[in-house]
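The structure appears below as structure tokens.
Numbering (the numbering used here), first residue to last: 2 to 706.
So this is what it looks like as structure tokens:
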């Protein structure tokens, strides 16, 4: 409270914002940075195809384009539209990797066009594109059979059957059960495959109304592009194609056979505690190599010997050399390694100083290898995604495609990887971005961003809190990496599982503030905190238990308010999550008062920092109790809701608005800078009223003390 009281009692005559330039990175520039994903190399090693995903503010759309790159010439061959961006039922973007034909003449992919998801193919020159399937149902996945001319694909209910089922529900009504997500629309409203459809939970998956229908496998003869009957022999062949190689172990991933057929490599999962499994904490992996036909195996890279995580296993096309990527600092610093089966030696081949894979959530690209080169997507804190070819012999690299390279020269701010220890001795890593100006005597204001800092910095998990735009405004930004292996824990009390991780998170923040303050880099009285998902819950916890933070911005309410319980139907996955994972009892049967201890909404009186909530229309209901209790207590809080968004916002115009408002919010509260936004004329007046309320609240608190 003390920071913003001082800011609004004393008139701020001088701006501490950074000098701006027409050439400096803008919010729109940052929104429209291209992401790269699903890189695949043709079997003959001549052409790389990569999916470029570019948000476009003017059309408020996501442009997807296949970029075909000549390996020999090192330049772009052609560009092919990849179809409409498929917005999934949870409002995230779905990406499907292409598959090359064995003869390198075509690559095949799923595309949404004219309201249907079908298999398409494009020639290796990019000059010819053809529709392969014309099914009455949307295609879910497909597999090429290299031993025949068949393409197998899977579908569920037809589009007509889905429309009929939705019509029946409209006419007869819907009985509420555990399959209904009550914060979303019950009838329609979900953007499934380009339409506006109803959605239901089937197990842990939210999908279309008939998403529980069994898969049906069909086949296309690629010689004539016609549907053919799937014979019993075809079914057996298809089953073998999609069945992973059996290595005699249960929890394994990325099973790959060497080109000479002598070895098989895979990732072996390390044991997880029951609590970690409940919280869906990802397993750590070691790399194991077995010689086919023999019982012996060798651990190439153990959890103990390899720093961070290991992934993206690839054998060389000539000789038995295994390549893999290790990621340190929660994936922010990656290195490509080589392991020689003959010498058993491991060596580092290449490091980008950042990411070696796509940063698209859940859809990562490996580094395919051919003719002595590895082809990878790379990015680092200040360098947007690009495709590079790494020479595996001399370890040099050459750029093949860098669509957003011009942005680098417009980022004058430093972005330094740092690490620090909290009071328990636990080490955390992050990226510190400082304004390009002389450090004020009191230090810069600081905004702490979380909880992943992978690749090019665009605002932490969810891309909402733009580090470089804060720096442009004269505010330092610290993006903090959190290890999901350590954020889960329990002290044996009900409801303590999540809190254990949040206590550790707050200790991490406190240590970072102490470190940067001791170096005279920041003004510890002007520190902001932000967060999405886990980061939002951590921010709420920190505001309840600390007075270190002068302002906050979050993307939704956490999971720890009673309202969440009532929007989780009995028998549904969300109710079980709260009971089993978070250990929260029914609010109406809580003799220990656990909700009263844990709920941010029920502890609104403990929070004094001004809070901005920029939520989606799918999730804002979860935050209403928190928002209402703060507002009723005359605390400075604002909630803004965005239409047709989910857990992570995807619409470019909304991303732009979120960036702009977050920067303006922290300039207002941390720097005392009042900027009117012509696109939201009432915004400044609303905030000035909040500031006046905050000053009065502070006076009342000082009087009561």
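Using N, Cα and C, we set each Cβ at its ideal position, and we do this for glycine too.
Since this is a predicted model, take the numbers as computed values, not measurements.
How big is the Cα-Cα spacing for residue i and residue j?
i           : j           : result
residue 599 : residue 178 : 27 Å
residue 696 : residue 673 : 13 Å
residue 462 : residue 479 : 13 Å
residue 457 : residue 470 : 13 Å
residue 266 : residue 260 : 12 Å
residue 440 : residue 414 : 13 Å
residue 171 : residue 181 : 15 Å
residue 168 : residue 203 : 20 Å
residue 588 : residue 603 : 12 Å
residue 703 : residue 423 : 31 Å
residue 694 : residue 631 : 12 Å
residue 289 : residue 258 : 12 Å
residue 648 : residue 670 : 26 Å
residue 379 : residue 454 : 14 Å
residue 508 : residue 152 : 54 Å
residue 223 : residue 658 : 47 Å
residue 52  : residue 123 : 13 Å
residue 131 : residue 121 : 6 Å
residue 236 : residue 218 : 9 Å
residue 721 : residue 239 : Outside the modelled stretch of the chain, which goes from 2 to 706, sits residue 721, for which no answer is possible.
residue 13  : residue 567 : A caution first: residue 13 carries a pLDDT of 34, below 50, which makes its placement in the model unreliable, though a value can still be read off. Approximately 46 Å between the Cα atoms of the pair.
residue 666 : residue 547 : 20 Å
residue 523 : residue 412 : 21 Å
residue 540 : residue 418 : 22 Å
residue 114 : residue 149 : 28 Å
residue 698 : residue 386 : 47 Å
residue 398 : residue 377 : 10 Å
residue 197 : residue 205 : 21 Å
residue 690 : residue 682 : 14 Å
residue 326 : residue 313 : 6 Å
residue 617 : residue 401 : 38 Å
residue 302 : residue 395 : 23 Å
residue 623 : residue 200 : 19 Å
residue 109 : residue 426 : 51 Å
For the beta strand (DSSP E) holding residue i, just list the boundary residues, first then last.
i           : result
residue 133 : Careful: residue 133 lies outside any beta strand (DSSP E) and carries neither H nor E.
residue 418 : 415 to 422
residue 155 : 151 to 156
residue 378 : 374 to 381
If I'm right that residue i touches residue j with Cβ under 8 Å, what's the distance once you round it to whole angstroms?
i           : j           : result
residue 510 : residue 543 : 6 Å
residue 271 : residue 285 : 5 Å
residue 156 : residue 133 : Going by Cβ atoms, the distance from residue 156 to residue 133 rounds to 13 Å, so no, they are not a contact pair.
residue 48  : residue 72  : 7 Å
residue 601 : residue 638 : In fact, because the Cβ distance is near 11 Å, the residues do not count as touching under 8 Å.
residue 343 : residue 321 : 7 Å
residue 78  : residue 46  : Not really, about 14 Å apart at Cβ, beyond 8 Å.
residue 55  : residue 33  : 6 Å
Check the DSSP bridge columns for residue i and list the partner residues they point to.
i           : result
residue 529 : 448, 552
residue 67  : 52, 81
residue 643 : 617
residue 678 : 681
residue 263 : DSSP, once it has assigned bridges, lists no residue as partnering residue 263.
residue 37  : 53
residue 480 : 432, 450
residue 399 : 390
residue 250 : Its beta-bridge partners do not exist; DSSP assigns none.
residue 270 : 286
residue 328 : 310, 335
residue 143 : 154
residue 300 : 289
Just reading off the alpha helix (DSSP H) that residue i is part of, what are its end residues?
i           : result
residue 1   : The structure shown does not extend to residue 1, since the chain is modelled only from 2 to 706, so the question has no answer here.
residue 563 : 563 to 567
residue 295 : Run containing residue 295: none; DSSP gives neither H nor E here.
residue 310 : Per DSSP, residue 310 belongs to no alpha helix (DSSP H); it is in the beta strand (DSSP E), 310 to 316.
residue 471 : 468 to 473
residue 124 : Not the alpha helix (DSSP H): residue 124 falls in the beta strand (DSSP E), residues 117 to 124.
residue 172 : 160 to 173
residue 45  : From DSSP, residue 45 is part of no alpha helix (DSSP H); its letter is neither H nor E.
residue 598 : 595 to 599
residue 457 : First-last for residue 457: undefined, no H or E at that position.
Start-end ranges of the alpha helix (DSSP H) lying completely within the region 194 to 248, minimum 4 residues: Counting only runs of 4 or more, we get 233 to 243.
Please list the segments of the beta strand (DSSP E) lying wholly inside the region 334 to 361, counting only runs of 3 or more residues, in order along the chain. With a minimum length of 3 residues, the continuous beta strand (DSSP E) runs that stay inside the region 334 to 361 are 334 to 341, 347 to 352.
Would you mind listing the beta strand (DSSP E) stretches within the region 87 to 115 that are 3+ residues and don't spill past its ends, in chain order? 107 to 114
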